[in-house]
């Protein structure tokens with residue numbers, strides 16, 4: 001927590017100190033008075049000058065008649081008075097100019113001003129009108145707001161009247177023999193005005209003091225406020241620095257967490273590959289048929305324990321990716337019946353030893369193809385069915401799907417209902433919390449992390465839906481419902497049951513196992529995994545050579561190229577000594593070695609997989625290896641590599657001369673799925689839509705709509721592989737990567753040209769075969 005410095009509280013006490021306020025108020029009052037006195041001094045400097053000039057005119061006009069009756073002669077004493085007035089005014093004017101605001105200056109001005117009034121009365125012959133000049137002069141002197149100036153001025157008037165009434169009474173009162181009370185009358189009027197003016201000066205001075213105090217208080221308040229603002233600013237800057245350090249520490253911790261998860265994944269998945277793989281080898285060995293049941297049970301127990309450990313690891317990693325916001329979902333065309341049947345076939349063996357039946361069916365007709373994330377959808381259903389199996393010792397588990405079109409948007413509702421233990425309301429409240437299970441006894445019996453439902457709900461929400469508990473009653477069972485937005489694929493068909501789909505899958509499973517033909521180089525530093533993977537590849541028919549690190553693999557590859565016996569495929573582990581898989585792939589791509597590369601990684605994080613592709617790998621396989629998936633991947637890339645190798649020079653020409661005819665650019669490209677009568681029509685429609693897709697992408701590129709172009713590339717990347725065109729999927733992926741990484745327009749245009757070339761190859765291939773092509777290029781079949 002950021003605290004207020006101790007100096008701040010000390011400053012607050014100082015700001016509120018009356019002594020400090022009084023000192024500052026006195027200083028401000030003094031400043032105000034000095035400015036007022038200086039301004040008034042300058043005012044009187046002007047006034048004295050004007051009075052002197054005006055006095056000359058008045059004296060010349062009035063004085064002769066006042067002294068000589070009808071005679072118009074100017075008496076010499078008038079001229080003397082004019083020069084005397086100039087002498088009297090010169091000193092205060094000089095002081096007002098050179099020493100304004102001084103006490104001497106204003107008292108000198110007061111003497112000069114009253115002397116001027118006395119001289120005017122003298123020159124006018126004591127006329128009563130001239131006496132008003134005294135009252136006006138006293139009023140002007142009150143502008144100083146200094147009662148002592150009025151006392152000085154009144155003293156001058158008093159002395160003047162006493163002297164002149166004794167020697168020249170006619171110059172004061174206008175008569176030779178004035179009454180004795182005339183002097184008292186004049187003094188009384190002056191004293192009367194003095195009382196009023198002195199009172200106003202005192203009140204004005206008090207107002208000045210109040211203004212000064214309020215100004216001092218305002219200044220102190222402003223100073224305190226500014227100080228507090230400065231302190232708060234410093235505190236905020238300190239807090240900002242602390243937050244920045246905390247953020248950096250959090251980022252370092254997050255990076256450390258990611259590295260820990262990646263390393264943990266690698267260190268655990270690598271031995272799991274050997275454990276699960278050799279269990280399969282033992283199971284497939286003909287000798288096992290003569291082994292005692294206990295031996296077979298031991299092997300199955302090892303396999304189940306390994307699968308359970310792998311499930312726990314996957315749950316922890318998935319939750320970590322979700323919380324870090326790094327788990328990605330995709331939206332591609334998904335065969336809904338196949339997903340349901342795959343979950344059924346995967347989970348049914350787990351229930352074979354118990355008294356539980358698994359029923360998978362459709363409650364309402366549903367589309368055979370939808371847009372969704374098949375991997376995450378399968379994961380959610382497997383998790384829910386597996387969770388139901390834990391709590392159901394006998395009875396049944398129903399996996400059902402139905403379409404709800406009653407709302408604004410249609411929804412796909414997938415329900416998992418069991419007849420197991422059920423839950424109390426208190427137990428139900430604990431659901432969807434990480435690392436929490438409703439019944440701890442089940443955890444001890446069946447294991448688990450308590451992450452399954454949490455992951456299911458978060459995955460469903462990432463897909464735009466949700467997972468909810470529909471109902472649960474103790475002793476009666478539980479029903480979970482997965483709600484997902486229903487997005488039907490174009491030209492999808494409604495199916496009423498899964499029986500026909502199940503027969504098609506059965507025919508597919510009865511096909512011959514995958515066989516390989518070609519030379520494969522395996523770069524793997526682990527002895528166990530190297531022997532296991534070599535066993536599977538060799539058993540499938542491939543010629544396999546091994547290397548313990550990337551450097552040895554690079555030497556074997558170069559030697560094979562020199563002897564004109566190149567490898568058809570490179571399978572490389574990512575973490576190896578001397579030279580890792582990333583460096584190996586980057587080195588090969590830098591040397592323009594066009595060999596398919598499959599990364600073998602135990603890293604389950606999305607960014608690690610993306611890093612593999614960015615390093616130059618064509619695909620990746622995750623440890624523990626899935627034998628069938630690995631063999632299928634190898635078969636696909638061996639065939640694709642041979643095709644790609646034969647067309648390398650043509651591809652380079654296409655990137656440089658995009659305007660050449662299709663037939664002159666590339667060898668035709670076709671999908672093996674077109675050989676399936678049930679899929680041929682879908683493949684043909686997808687191929688017919690490619691021209692429209694490329695045209696839209698070129699329009700987006702021309703309009704500099706990078707985000708829209710990235711979306712179209714992402715959609716085509718997902719659809720290309722699904723329809724049996726991995727080359728299109730790869731090219732679209734490279735285009736998407738260029739856009740997302742902010743590459744320049746030239747690189748993006750080159751990637752777009754390469755993608756267009758692959759699409760042209762597919763179109764040309766299906767035209768040459770005479771396949772039926774539907775003219776609906778404006779439709780979208782990719783997610």
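In full-length UniProt numbering, the protein residues as written are 1 to 783. A virtual CB, placed ideally from N, CA and C, is assigned to each residue, including glycine.
Alpha-carbon to alpha-carbon, residue j and residue i
| i | j | result |
| --- | --- | --- |
| residue 784 | residue 543 | Because the chain here runs from 1 to 783, residue 784 falls outside it and cannot be looked at. |
| residue 595 | residue 338 | 33 Å |
| residue 750 | residue 733 | 13 Å |
| residue 694 | residue 611 | 27 Å |
| residue 636 | residue 236 | 60 Å |
| residue 753 | residue 570 | 27 Å |
| residue 534 | residue 698 | 45 Å |
| residue 94 | residue 211 | 32 Å |
| residue 209 | residue 223 | 21 Å |
| residue 701 | residue 639 | 32 Å |
| residue 524 | residue 305 | 25 Å |
| residue 351 | residue 386 | 10 Å |
| residue 737 | residue 328 | 15 Å |
| residue 466 | residue 273 | 34 Å |
| residue 599 | residue 579 | 14 Å |
| residue 719 | residue 341 | 22 Å |
| residue 18 | residue 219 | 14 Å |
| residue 160 | residue 187 | 11 Å |
Residue i vs residue j beta-carbon contact at 9 Å
| i | j | result |
| --- | --- | --- |
| residue 622 | residue 597 | no |
| residue 521 | residue 557 | yes |
| residue 216 | residue 24 | yes |
| residue 140 | residue 29 | no |
| residue 85 | residue 52 | yes |
| residue 476 | residue 422 | yes |
| residue 393 | residue 356 | yes |
| residue 330 | residue 714 | yes |
| residue 103 | residue 92 | no |
| residue 370 | residue 399 | no |
| residue 410 | residue 404 | yes |
Coil, strand or helix - residue i by DSSP
| i | result |
| --- | --- |
| residue 619 | strand |
| residue 563 | coil |
| residue 485 | strand |
| residue 584 | helix |
| residue 419 | coil |
| residue 595 | coil |
| residue 452 | helix |
| residue 625 | coil |
| residue 543 | strand |
| residue 44 | helix |
| residue 574 | coil |
| residue 765 | helix |
| residue 401 | strand |
| residue 499 | helix |
| residue 408 | coil |
| residue 514 | coil |
| residue 685 | helix |
| residue 145 | coil |
| residue 306 | helix |
| residue 278 | helix |
Cβ-based neighbour list, residue i, same chain, cut-off 8 Å, excluding 5 preceding and 5 following
| i | result |
| --- | --- |
| residue 494 | 365, 366, 367, 368 |
| residue 348 | 358 |
| residue 144 | 36, 37, 40, 106, 201 |
| residue 464 | 484, 485 |
| residue 627 | 277, 280, 536 |
| residue 204 | 145 |
Proximal residues to residue i (C-beta, below 6 Å), its chain only, five neighbours per side dropped
| i | result |
| --- | --- |
| residue 414 | 401, 482 |
| residue 119 | 81, 85 |
| residue 234 | none |
Cβ shell of residue i (< 7 Å), same chain only, five flanking positions each side left out
| i | result |
| --- | --- |
| residue 154 | 190, 194 |
| residue 540 | 514, 515, 516, 631 |
| residue 690 | 759, 762, 763 |
Heavy atom of the ligand ADP within 8 Å of residue i beta-carbon
| i | result |
| --- | --- |
| residue 161 | Because no ligand of any kind appears in the structure shown, any question about the ligand ADP cannot be addressed here. |
CB contact below 9 Å: residue i versus chain C
| i | result |
| --- | --- |
| residue 219 | In the structure shown, chain C cannot be found, because there is only a single protein chain. |
Original post:
Which runs of the alpha helix (DSSP H), 4 residues or longer, sit entirely within the stretch 116-143?
Top reply: Counting whole runs of 4 or more residues, the stretch 116-143 contains the alpha helix (DSSP H) stretches 128-141.
Subject >> 4-residue-minimum alpha helix (DSSP H) runs that sit fully inside the stretch 160-237, ordered along the chain >> reply: 169-173
Original post:
In chain order, which continuous runs of the alpha helix (DSSP H) of length 4 or greater are located wholly inside the stretch 331-377?
Top reply: 336-347
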